[in-house]
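Report on the structure given below.
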Amino acid sequence: MYREGNTKKIILISILVISLLALMRYTEFGRVSISPVESSLRDILAPVQGLAMNLGHRLRGLVSFPFAVMEMVNENQSMKEKVAELEGRLRQSEEFGYENDRLKRLLDYKSAVTPLMGFEVTGAAVIGRNPGNWFGTITINKGSDDGMKQNMTVITEQGLVGRITSVSINTSEVLLITDPRSGVSALIQESRAPGMVEGIASSPGRVIMVHIPIEIDISADQVVVTSGFGSIYPKGIPVGRILETGKEPSGLFNNAVIAPFVDINRLEEVMVITTVRSSNNITRFSGLPSPWGEGGFDQGGLNPEGIGGTPVGVNP
Amino acid sequence: MRLFGIIFLLGTAVFLEVTLLNFFTILGVKPDLVLMIIVFNAFLRGSREGALVGLLGGLFEDLAVGSYFGMNVLSLMAIGYLVGLTESKLLKESTIIIVFLAWMSSFIVQVLNYILLSFAEIYVSPGIALFRIIIPTATYTAILVPIFYGRFYRSNKSGWLNGREI
Numbered sequence: 000m001y002r003e004g005n006t007k008k009i010i011l012i013s014i015l016v017i018s019l020l021a022l023m024r025y026t027e028f029g030r031v032s033i034s035p036v037e038s039s040l041r042d043i044l045a046p047v048q049g050l051a052m053n054l055g056h057r058l059r060g061l062v063s064f065p066f067a068v069m070e071m072v073n074e075n076q077s078m079k080e081k082v083a084e085l086e087g088r089l090r091q092s093e094e095f096g097y098e099n100d101r102l103k104r105l106l107d108y109k110s111a112v113t114p115l116m117g118f119e120v121t122g123a124a125v126i127g128r129n130p131g132n133w134f135g136t137i138t139i140n141k142g143s144d145d146g147m148k149q150n151m152t153v154i155t156e157q158g159l160v161g162r163i164t165s166v167s168i169n170t171s172e173v174l175l176i177t178d179p180r181s182g183v184s185a186l187i188q189e190s191r192a193p194g195m196v197e198g199i200a201s202s203p204g205r206v207i208m209v210h211i212p213i214e215i216d217i218s219a220d221q222v223v224v225t226s227g228f229g230s231i232y233p234k235g236i237p238v239g240r241i242l243e244t245g246k247e248p249s250g251l252f253n254n255a256v257i258a259p260f261v262d263i264n265r266l267e268e269v270m271v272i273t274t275v276r277s278s279n280n281i282t283r284f285s286g287l288p289s290p291w292g293e294g295g296f297d298q299g300g301l302n303p304e305g306i307g308g309t310p311v312g313v314n315p
Numbered sequence: 000m001r002l003f004g005i006i007f008l009l010g011t012a013v014f015l016e017v018t019l020l021n022f023f024t025i026l027g028v029k030p031d032l033v034l035m036i037i038v039f040n041a042f043l044r045g046s047r048e049g050a051l052v053g054l055l056g057g058l059f060e061d062l063a064v065g066s067y068f069g070m071n072v073l074s075l076m077a078i079g080y081l082v083g084l085t086e087s088k089l090l091k092e093s094t095i096i097i098v099f100l101a102w103m104s105s106f107i108v109q110v111l112n113y114i115l116l117s118f119a120e121i122y123v124s125p126g127i128a129l130f131r132i133i134i135p136t137a138t139y140t141a142i143l144v145p146i147f148y149g150r151f152y153r154s155n156k157s158g159w160l161n162g163r164e165i
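Laid out in structure tokens, this is it:
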């Protein structure tokens with residue numbers, strides 16, 4: 000009796016195992032179609048499954064919400080810090096980029112223009128400005144220890160900035176061409192008309208050229224360069240472009256309002272001309288970058304001893 | 000303590016005028032922060048301290064300018080004294096009064112500077128001086144007064160600028 004029961008059990012288990020193995024085999028991964036039973040079951044259970052899953056998600060969300068909030072707060076804080084840090088780095092990188100561009104232009108100028116003009120220059124950074132509104136002076140970070148001397152000419156790659164008026168050990172004060180105390184002996188490049196470029200108090204980046212001989216025609220857009228007379232400013236440095244012309248009250252001379260090539264209000268780095276040597280290679284000036292080559296130094300009507308053609312000597 | 004506070008404020012104002020304010024110019028001019036401090040102080044403390052703080056402020060400015068030493072000392076000391084005369088006569092809580100005083104003070108200081116400059120043989124056309132420097136500077140300075148006066152007034156009453164006369 001007992002043996003008969005055991006045999007039945009063994010047979011049943013064997014059938015079950017074999018059926019399950021067959022079922023496994025039948026329902027293996029990758030088959031193309033499923034059975035109608037499976038299909039019906041899936042269809043019936045699908046909404047319930049979805050509901051259960053949804054509920055599960057909500058419950059999980061509900062239970063873990065406070066923890067998630069805490070985690071999010073921490074994460075938010077650290078992300079804010081990260082963003083601030085990255086923004087700082089980005090700004091710093093942008094600033095480095097701008098500085099790099101400016102210094103590259105200065106370097107390009109130094110290597111391309113100064114040998115042709117016969118200048119030896121030293122770079123300096125602008126560290127301060129006159130606190131009032133009457134004068135236009137800047138302070139640069141090079142002084143007598145760096146070889147700076149009174150009356151040395153200060154330029155950028157765009158043109159004339161001014162001249163050094165006083166020197167301390169580590170700094171120098173530069174009188175800008177826009178200062179009312181400034182006077183620069185200049186020429187209109189095209190017509191060679193001489194005149195004096197003077198600053199205008201508090202003018203937003205304008206200077207005036209006075210005492211231009213009345214018999215010489217002048218017009219807007221003409222370029223003004225230093226004439227070299229008076230030996231403070233070397234010859235041939237671009238000053239600016241004529242905006243408008245007029246007659247002086249005496250009627251004996253013309254005058255012209257000039258927009259300087261240099262953005263006087265946005266100066267950050269400048270160059271000081273420490274030495275001026277002879278430069279006779281006048282034809283090469285046509286290859287100079289703007290505004291140094293503008294107007295054509297080597298074009299018709301110009302004195303071949305014009306711009307940069309005469310030794311100015313060492314600045315005082 | 001009060002003296003150090005005033006010196007610190009004047010020093011900061013001059014530093015800002017030499018550096019940062021150059022990026023905030025309007026019509027080519029920047030505001031006169033040093034004058035603003037002198038006017039506030041004179042208005043709240045009277046002519047004696049007004050003149051003294053004016054002298055200090057002028058000294059700071061002249062040191063920063065590096066030339067025509069004494070020009071700012073003279074003009075700012077005078078304006079400190081003059082504004083100080085109004086101390087007991089005008090309502091100190093009124094922003095409109097102090098804005099007007101600052102405008103007038105800046106105007107007078109710039110005119111004084113203009114006259115002193117001509118003594119130093121610096122000639123600027125009167126039209127340019129008036130419309131490009133004097134009026135724009137006075138207006139720009141006066142516009143900024145409401146931003147700073149409240150803080151200065153409270154500090155003078157119960158803050159770190161409170162205390163005996165210098």
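Just so you know, the protein sequences line up as chains L and R, in that order. When you line the first sequence up against numbering that gives the first Met the number 0, it's residues 0 to 315, in that order. When you line the second sequence up against numbering that gives the first Met the number 0, it's residues 0 to 165, in that order. C-beta atoms are modelled at their ideal positions from N, C-alpha and C, and glycine is treated no differently. All values derive from a computational prediction rather than experimental measurement.
For a test of your reading of the model: does the CB of residue i fall under 7 Å from any non-hydrogen atom of the ligand NAD? Yes or no.
i: L/Val173; result: No copy of the ligand NAD appears in this structure; indeed no ligand is present at all.
Mind checking whether residue i and residue j have CB atoms under 8 Å apart?
i: R/Pro30; j: R/Thr94; result: no
i: L/Val223; j: L/Ile187; result: yes
i: R/Ile132; j: L/Asn75; result: no
i: L/Gly198; j: L/Gly135; result: yes
i: L/Ile213; j: L/Ala255; result: no
i: L/Val271; j: L/Ile163; result: yes
i: R/Val82; j: R/Ser104; result: yes
i: R/Leu160; j: R/Gly4; result: yes
i: R/Met35; j: R/Gly162; result: no
i: R/Gly56; j: R/Leu115; result: no
i: R/Leu26; j: R/Pro135; result: yes
i: L/Ser165; j: R/Gly65; result: yes
Give me the Cα-Cα distance between residue i and residue j, rounded to the nearest whole angstrom.
i: L/Thr152; j: R/Leu73; result: 33 Å
i: L/Ile9; j: L/Pro65; result: 55 Å
i: L/Arg240; j: L/Gln149; result: 27 Å
i: L/Leu174; j: L/Val72; result: 56 Å
i: L/Thr138; j: R/Leu90; result: 42 Å
i: L/Gly96; j: R/Lys156; result: 48 Å
i: L/Lys109; j: L/Thr170; result: 22 Å
i: R/Leu100; j: L/Pro248; result: 38 Å
i: R/Val110; j: L/Ile154; result: 33 Å
i: L/Arg191; j: L/Lys234; result: 12 Å
i: L/Asn317; j: R/Gly53; result: Because chain L here runs from 0 to 315, residue 317 of chain L falls outside it and cannot be looked at.
i: L/Val160; j: L/Asp262; result: 9 Å
i: L/Asp144; j: R/Thr140; result: 39 Å
i: L/Gly294; j: L/Ile215; result: Because L/Gly294 sits at a pLDDT of 43, beneath the cut-off of 50, its placement in the model cannot be relied upon, and the following sentence gives the value as read from the coordinates. In a straight line, the C-alpha of L/Gly294 is about 17 Å away from that of L/Ile215.
i: R/Ala128; j: L/Met116; result: 38 Å
i: R/Asp61; j: L/Glu189; result: 43 Å
i: L/Pro114; j: L/Glu86; result: 41 Å
i: R/Arg84; j: L/Gly122; result: First, the amino acid is wrong: residue 84 of chain R is Leu here, not Arg. When rounded, the distance between both Cα atoms is 51 Å.
i: L/Arg57; j: L/Lys81; result: 31 Å
i: R/Phe130; j: L/Met78; result: 52 Å
i: L/Met195; j: L/Gly227; result: 11 Å
i: L/Val275; j: L/Val112; result: 13 Å
i: L/Thr244; j: R/Arg44; result: 53 Å
i: L/Arg90; j: R/Glu120; result: 46 Å
i: R/Leu19; j: L/Ala67; result: 46 Å
i: R/Gly79; j: R/Ala63; result: 20 Å
i: L/Arg180; j: L/Ala200; result: 9 Å
i: R/Leu2; j: L/Ile231; result: 46 Å
Which residue from the options puts its Cα closest to that of residue i?
i: R/Val17; options: R/Ile6, R/Val33 and R/Leu2; result: R/Val33
i: R/Asn21; options: L/Asn264, L/Ser77 and L/Arg276; result: L/Asn264
i: R/Ile107; options: R/Glu92, R/Gly83 and R/Ala137; result: R/Ala137
i: L/Val183; options: L/Gly229, L/Arg205 and L/Gly204; result: L/Gly229
i: L/Val269; options: L/Glu98, L/Glu70, L/Glu93 and L/Arg57; result: L/Glu98
i: L/Pro193; options: L/Arg101, L/Thr225 and L/Tyr232; result: L/Thr225
i: L/Ala124; options: L/Thr273, L/Leu102 and L/Leu251; result: L/Leu102
i: L/Val120; options: L/Gly146, L/Pro130 and L/Ser167; result: L/Gly146
i: R/Phe118; options: R/Met70, R/Phe39, R/Leu75 and R/Pro125; result: R/Met70
i: L/Gly158; options: L/Glu93, L/Ile168 and L/Arg104; result: L/Arg104
Inset, instruction - Would you list, in sequence order, the uninterrupted beta strand (DSSP E) runs of no fewer than 3 residues that lie entirely inside the stretch 65-118 of chain L? - result: none
Legend entry - Interfacial residues, the stretch 62-84 of chain R to chain L, with Cβ spacing under 7 Å: Ala63, Val64 and Gly65
Legend entry - Interfacial residues, the stretch 95-128 of chain R to chain L, with Cβ spacing under 7 Å: Asn112, Leu116, Ile121, Val123, Ile127 and Ala128
Legend entry - Proximal residues, the stretch 28-53 of chain R versus chain L, C-beta separation under 7 Å: Val28 and Lys29
Legend entry - Residues, ordered as in the chain, of the stretch 170-185 of chain L that lie near chain R by beta-carbon distance below 9 Å: Glu172, Pro179 and Arg180
Inset, instruction - Report the residues of the stretch 224-246 of chain L with a CB closer than 8 Å to any CB of chain R, ordered along the chain. - result: none
Inset, instruction - For the stretch 116-135 of chain L, enumerate the residues whose C-beta is nearer than 9 Å to any C-beta of chain R, in chain order. - result: Ile126, Gly127, Arg128, Asn129, Pro130, Gly131, Asn132, Trp133 and Phe134
Inset, instruction - For the stretch 130-144 of chain R, enumerate the residues whose C-beta is nearer than 7 Å to any C-beta of chain L, in chain order. - result: Arg131, Ile132 and Thr136
Inset, instruction - Report the residues of the stretch 254-270 of chain L with a CB closer than 9 Å to any CB of chain R, ordered along the chain. - result: Asn264 and Arg265
Legend entry - Every unbroken alpha helix (DSSP H) inside the stretch 80-145 of chain R [4 residues or more]: 94-118
Inset, instruction - Pick out the complete alpha helix (DSSP H) segments inside the stretch 198-285 of chain L, 4 residues or longer, and give them in chain order. - result: none
Inset, instruction - Give, in chain order, every unbroken run of the alpha helix (DSSP H) that is at least 4 residues long and sits entirely within the stretch 33-65 of chain R. - result: 46-64
Inset, instruction - May I ask you to list, following chain order, the residues of the stretch 3-20 of chain R that have a beta carbon less than 7 Å from some beta carbon of chain L? - result: Val13, Glu16, Val17 and Thr18
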